[in-house]
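Encoded as structure tokens, the structure appears first; notes follow it.
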Amino acid sequence: MANKGSMVGHVNELKLKEDDFNGWVERFELYIQLNEVNTHKKKLLFLTLIGNEGYSLLRDLCLPVKPLDKSYDNLKTLLSEYMNPKPNVVTERFKFKEWRQGNETIIQFVAVLKKMSEFCGFGTHLEDALRDQLVWGIKDQNIQKRLLSEASLNFKRSVELSVAMEAATNDVNQLHNQNQVEVLYQEPKNELVVGSRVQRKAMSTGLRQKRTELVCYCCGEAGHVKPKCKYKDLLCKKCNKKGHLKKVCKNDSFNVNNLEQDEVGMMEMESLYNLVPLQVNFIKPYCLELIVDGKNVLFQIDTGSGISVISVDSVKKFKIGSLDKLIKTNLKLKAYNGNIINPLGILSLVIGHKGLCKTLDLYVVNEGGPPIMGRDWITAFKVLPMELGLNTLSVQSMAERFPSVFSNSLGCYKNKTFELVLKSDSKPIFCRPRIIPFSLKDKVSLELDRMIADGLLEPVESSDWATPIVPVVKVDGSIRLCGDYKVTVNKSLVVDRYPIPRVNELLSRFQGATKFCTLDLCQAYQQLPLSAESQKLTTITTHRGLFFFKRVPYGIASAPGLLQREMENILSGLTGVGCFYDDVVIAGHCVDKDGLHIPEERVKAIAQVKTPENVHQLKAFLGLVNYYGKFFRNMSSMASPLYFLLKANVKFCWGPEQNKAFINIKNHLMSKTVLTHYDTTLELVLACDASPKGIGAVLSHRFHNGEEKPIAFASRTLSKSEQGYSQLDKEALALVFGVKYFHQYLYGRPFILKTDHKPLISIFGEKKGIPVMAAHRLQRYAIFLAGYSYNIEFVKGVDNGNADALSRLPIEGADMINHVFCSNFFINLITTNVQGIADLDICEEIQRDKVLKKVFLLVMSGKWPNSSK
């Protein structure tokens, strides 16, 4: 080991009363592995870094021998048992039985009970214990009575009932506790609504002293309103205006919180203070935090204001801009009482929101309330108040309450470890490391170091299993490392086939809902810890040696099933919640309160198909029609005007009849009669094809009777450079395009990839190695497709009419995949040399080939025939 000054990283001295010992030990061992410290020096370094208190304690624990005479593992165990004694089951059960619901919700109470049961040793009786304690500890007696009335009550049912009754109670309380407001004055025949901006005359601030009486804002006296006031026609001696007395004049007091543009270019202000709330639980204003001149400033959203306004006091408070550099303006602001306010000027400032920066005008006034974001800024940043409001504030408070959930660091599931189960006849497969380009070696090494530091990887000296890595180049140039497990452990795994919920099943949970939210787990698979035995199966081989994953890595065949099973367990009992892998999302559908709809993206390739300009294009389109003809009613009569143009003695002339038939057929192709919804239980088929001008792809479901119904279509034109590709490269590009475009449907599940170009079967076959002599473009395509689980099938060109039509009638313009494909997950433009086919694979293929098998036997025996056949 090098001297300490040359070592990488740093571990602080252990503080027994402050540090978590297990966490400190994990960091210490990462530090040791990173710096390749040998066993003896590892013990010395441990004894040095545990500090005076730690060493003194350890010396007492080791008596009668000295700490130096024991091994590192013994020393660590002694301290660990002292610092973290094993919990007493009786004590833990006593705490569990004594726990009662406080101010937390039912869900929070259940979560606490689950946490407290961790060391109670309930075993198979865990759910019974949780059910009993939920019924016993719940504070609402009505809910408790309801639970006790159930004849056969299990834990899941008890949670569902409790949550439902709690929600109903909250709703009833909310209905009975609406804000009460008192109208100080209301114009005849006008309904006053809380929060509305009804333009009125001024109210005296002194009138609010008697809140339980009607007050006249003409004279300030209680007991009557303006129409019955004897002073209603007198002139004010302060402002010379008719309708009020001097003592209630608002000439020197106005509010600029709400501004409105009138017809002559003057800004007129309204008042929000016509209602005085008798309770403090009023509706909060919509707010948005903006970056103004480099400072974070909270603005109130006001769609009634034509401009954005700030007071002098706020400018000084937030230290934005310079009052000495105000731009003069002739704009005048009119208060609700008719008085004129002259802005001091305009500050031209750089305003930032969600990464977008714009130079905008901010009007400065002498007095006023909080900064106001008017329609000018709302339009500039395309912000709608309904997108902000109280929900934004609630999310902020939740993020502050649960910082670990919303942090950028990778989390770890702590309730259990996960097992990868091998088949009984499995044999270990060890692959040599693939050659990595020199330009990527440093980046790969950095990523390995990061994954070790994050607790994802651990180096190992030897292993029966070894999987080559595939470097994934992300958009920002950094590297993500994936194991090519399809050539190693995936062949031998008993894959967890946990059923993925059907779309209709998910939707049934949202019945009657009008608002939807989706949550996405960050690097979901790598939050799942593996058992010690399973970790060995994930070993990867690199230019720096062997490493095994401590969490479930991407590419493991069992990963989707393991994740879905655990997510279902975690979310069980929660109403209105559905899970689809690591997303609460329904792939391939538009979902709203009315149910499922076919999104435009799925049929865009059909909707934008241009009118055929010649016989060849017409034949291609009719090939698509024939492919799905079984789903058409009276297809032959509908398409007869088009078939008429294919007759030998008919000149190609596109007329009104043909155009009508063309539109009708397209509409039928986009209807529910032909299209089917995505179903996770049905086989997926992706058919792709390429023509000289374009590429097309059709994603379909293959039903049990062998019929295929399309889910979605995609196509695009080829660029000038792509049109120069060989036909082999064009067909390969079509496959990659289709997989990228339909990534949301295909990723994480097996599918059939159909092509009418037979050479691609050898290049992209699921059990084929990447050909060393293949062009770099095909190597990149092959590496990309390695991230998916597919079987490739050859189909004759005449039977590939659906994809063929889209390739010959592609959508003009931009690449369609830009808005649906995130390249962060996959290999992006890598140039690399890939290791050839393994020796065992060659032997197996020779045994399958009749000719080579015979040659092999002749070579081994030496008995060659006298004449060749």
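Residue numbers (the working numbering): 63 to 931. Glycine residues also receive a C-beta, built at the ideal position from the N, C-alpha and C atoms.
- Rounded to the nearest whole angstrom, the CA to CA distance from M700 to V687 is 10 Å.
- For K771, the uninterrupted beta strand (DSSP E) run begins and ends at E770 to T779, by DSSP.
- In this structure the stretch 495 to 511 does not lie against the stretch 580 to 596, because fewer than three pairs of beta carbons, one per stretch, are closer than 8 Å.
- Approximately 14 Å separates the beta-carbon atoms of L608 and V551; this is outside 8 Å, ruling out the contact.
- Taking C-alpha positions only, G859 is separated from V639 by approximately 45 Å.
- According to the DSSP assignment, Q362 belongs to the beta strand (DSSP E) that extends over K357 to I363.
- For L297, no alpha helix (DSSP H) segment is defined, and its DSSP state is neither H nor E.
- With respect to G758, L868 sits close: the two C-beta atoms are nearer than 8 Å.
- Between V677 and F714, the CB-CB gap stays under 8 Å.
- In terms of CA proximity to I727, S702 leads the group S702, E745, L744 and A749.
- F813 and H763 have their alpha carbons spaced roughly 10 Å apart.
- With contacts defined by Cβ atoms closer than 8 Å, G800 and C750 form a contacting pair.
- For the stretch 777 to 825, the full-length alpha helix (DSSP H) segments reaching 4 residues or more read 782 to 785, 789 to 803 and 805 to 808 along the chain.
- The continuous beta strand (DSSP E) containing K420 extends over residues L418 to V427.
- Residues of the same chain with a CB within less than 8 Å of the CB of L78, apart from the 5 flanking positions on each side, are G113, E115, G116, L119 and M145 in chain order.
- The three-state secondary structure of P591, taken from DSSP, is strand.
- In the three-state reduction of the DSSP assignment, A173 falls in the helix class, which pools H, G and I.
- G623 is the residue among A173, G623 and S540 whose C-alpha sits nearest the C-alpha of V557.
- Cβ neighbours of L914 within its own chain (closer than 7 Å, five residues either side excluded): I908.
- A check of alpha carbon separations from K104 across T817, E80, V73 and I854 identifies V73 as the nearest.
- A straight line joining the alpha-carbon of H819 with that of E793 spans about 7 Å.
- Annotated three-state conformation of H306 is coil, per DSSP.
- Per DSSP, the beta-bridge partners of G607 are T604.
- Annotation for P521: the continuous beta strand (DSSP E) segment containing it runs L519 to V522.
- According to the DSSP assignment, G623 belongs to the alpha helix (DSSP H) that extends over A621 to L633.
- Using a Cβ distance threshold of 8 Å, P591 and C419 do not count as a contacting pair.
- Rounded to whole angstroms, the separation of the alpha carbons of L555 and V614 is 14 Å.
- Taking each of T529, T580 and I413 in turn and checking the Cα distance to T600, the smallest one comes out for T529.
- By alpha-carbon distance to L406, the top candidate from G436, S373, G431 and F380 is S373.
- In its chain, beyond the 5 residues on either side, H763, R764 and F765 have a beta carbon closer than 8 Å to the beta carbon of L744.
- Contact between L808 and Y850 is confirmed by a C-beta separation of about 6 Å, below the 8 Å threshold.
- Setting aside the 5 residues that flank it on each side, K132 is surrounded in the same chain by C124, each with a C-beta closer than 7 Å to its C-beta; the list follows chain order.
- In terms of Cα proximity to Y560, the closest of V172, C493, S620 and P126 is S620.
- If you draw a 10 Å sphere on the C-beta of L708, you find fewer than 16 other C-beta atoms in it, and that means exposed.
- Between S376 and the set I353, T365, V427 and G356, the nearest pair of CA atoms involves V427.
- By a beta-carbon distance limit of 8 Å, L92 contacts A515. Their separation comes to about 6 Å.
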